[in-house]
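Notes follow the structure.
In full-length UniProt numbering, the protein residues as written are 1 to 516.
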């Protein structure tokens, strides 16, 4: 499906106020050795669900691009981007507040407060989703001259996707991760099957499969949440700090708009600056980079609460170890994957959309390089967001500055370069966004991963330049094939010390786990 909630900055101006616990209220479970295992299980289920989300979008895009011409597929991508950006205007922040404050009140043993927050944010989510659905459809209809079916489909998609983000966060906040994963897998399969049926019958209602998937998700999720509510004895209406929740939601909205919103906006910008065929290149690139975020997003879902717990306990050494190890692990694990993707970009585009898409290899490479920066910053963003109040606005501020810088580059480069200029602007903006949290955490905790990160970035730059020079040989040639094999091997050789250190840490943890 088009988007998953960003792991990036979910921040608040101050820590949640203590919640008075009723004497008869259910108490949170005491810490136990099984908590780590439950976090791992939740992370694994989240990884599975996120894979379903990304692969659904990927399969939907590939099937649609093969069944249509490039201008039509570009238009479909613009509509998807418009619905996603609209969902970030308020529902994205409300979903952040839902996952944070519902879990906070439940952790404090205040079930009435948790359900009060849920009702408040769910009501705001419903109203804002309906308003955004209608408003988005009206605006896009005027710009892109949609017919009646396209207008209604866009309104339903925007509203259902907005509700999907809020209800998904509610299930995480209430600890219903296994139930969420089952619903996500089922509705993702429904969207894929619906896409196959739609295209096989020659229909042109391209947004309908995603509308169906999101609507069914919302119905099933709300049914499951209602069952969960009936099983819990909740006395009284519950109270919470409404001003704090709203402030958090608004700040979360700003952060997601500047990060995830910028990614989706690249497709709208391409629609303004580039030809219809080039728009399809950028839409395909956005669909193809989505699966690369599976690992960091799943890591963030497990890493954020772990870091928050260590911050609350004042265990600075644990926080330092978590951010150090996770950043190194992401760099070592993802660099070889990205190098292969850079070398094989023309082939990947041909498989995705057909022979006509190979010309978008440069656009895909720019988006891949931008994604690399976006992934590397995930642990640093989480440690800042979970830390002291003076640090929590840093990821949001860096995302806003990066977005503005990227848009400025687009304004200068997109008109002469088309989709390539849009991709270049996104790369520059994402690099600026990532550098600020990385440098801040590096200095705060005196970390030693500056050298390996520089080497990873240098490998990415060299591979991107080398593969671009090979494109005139036919897009996918024997030299390109050899480079796709050699590049990850070179990366592992350059990063061999980091690989050895990570393996030693993993072996040490396994040994400790086996003797405990």
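Every residue gets a Cβ at the ideal spot worked out from N, C-alpha and C, and that includes glycine.
Check: Touch test, the segment 409–418 against the segment 482–502, Cβ-Cβ under 8 Å, three pairs minimum; Outcome: no
Check: Exposure of residue 317, with buried meaning 16 or more beta-carbon neighbours within 10 Å; Outcome: exposed
Check: For residue 265 and residue 81, believed in contact at Cβ under 8 Å, the rounded distance; Outcome: 7 Å
Check: Beta-carbon contacts of residue 502 that lie in its chain and below 7 Å, excluding the five residues immediately before and after; Outcome: 328, 329 and 332
Check: Cβ-Cβ separation, residue 270 to residue 282 (assumed contact under 8 Å), whole Å; Outcome: 4 Å
Check: Burial state of residue 205 (16 or more Cβ within 10 Å); Outcome: exposed
Check: CB contact flag (residue 56, residue 260, <8 Å); Outcome: no
Check: Inter-residue Cα distance where the pair is residue 174 and residue 106; Outcome: 8 Å
Check: Whole-angstrom C-beta distance between residue 97 and residue 518, which should lie under 8 Å; Outcome: Absent from the model: residue 518. The displayed extent of the chain is 1 to 516, so no value can be given.
Check: Closest Cα partner of residue 155 within the set 101, 183, 435 and 212; Outcome: 212
Check: For residue 231, three-class secondary structure by DSSP; Outcome: coil
Check: Extent of the continuous alpha helix (DSSP H) run through residue 443; Outcome: 419–445
Check: Selection from 341, 198, 399 and 470 that minimises the alpha carbon distance to residue 372; Outcome: 341
Check: Option in 136, 91 and 134 with minimal Cα separation from residue 120; Outcome: 91
Check: The alpha helix (DSSP H) enclosing residue 141, as first and last residue numbers; Outcome: 111–144
Check: Cα-Cα separation, residue 203 to residue 151; Outcome: 16 Å
Check: Euclidean distance between Cα positions of residue 424 and residue 111; Outcome: 48 Å
Check: Option in 258, 63, 59 and 70 with minimal Cα separation from residue 517; Outcome: Here the chain has residues from 1 to 516 only, and residue 517 is not among them.
Check: Residues of its chain near residue 280, where Cβ-Cβ distance is below 8 Å and the 5 sequence neighbours each way are ignored; Outcome: 65, 70, 71, 73, 74, 77, 353, 357 and 360
Check: Buried versus exposed call for residue 118 [16 or more other C-beta atoms within 10 Å across all chains shown]; Outcome: buried
Check: Buried or exposed by the 16-neighbour rule on C-beta atoms within 10 Å, applied to residue 167; Outcome: buried
Check: Touch test, the segment 446–461 against the segment 392–404, Cβ-Cβ under 8 Å, three pairs minimum; Outcome: no
Check: Contacting residues, own chain, Cβ-Cβ under 6 Å from residue 220 (five flanking each side not counted); Outcome: 183
Check: For residue 434 and residue 377, the rounded distance between their alpha carbons; Outcome: 5 Å
Check: Residue-chain proximity (residue 88, chain C), Cβ-Cβ < 8 Å; Outcome: Looking at the structure shown, chain C is missing, and only one protein chain is on hand.
Check: Nearest-angstrom Cα separation, counted from residue 185 out to residue 54; Outcome: 11 Å
Check: For residue 437, the nearest candidate out of 397, 163, 419 and 336 (CA to CA); Outcome: 397
Check: Residue 290 versus residue 256: straight-line alpha-carbon distance, rounded; Outcome: 16 Å
Check: Terminal residues of the alpha helix (DSSP H) in which residue 73 lies; Outcome: 70–88
Check: Extent of the continuous alpha helix (DSSP H) run through residue 373; Outcome: 361–376
Check: Proximity below 8 Å, CB of residue 262 to CB of residue 426; Outcome: yes
Check: Top-ranked residue by Cα proximity to residue 50, from 165, 241 and 343; Outcome: 165
Check: Short Cβ contact (8 Å threshold) for residue 146 with residue 140; Outcome: yes
Check: Same chain, Cβ closer than 7 Å to residue 336, five either side skipped, listed in chain order; Outcome: 488, 491 and 492
Check: Enclosing alpha helix (DSSP H) for residue 586 [first to last residue]; Outcome: The question about residue 586 has no answer here: the residues shown for the chain are numbered 1 through 516.
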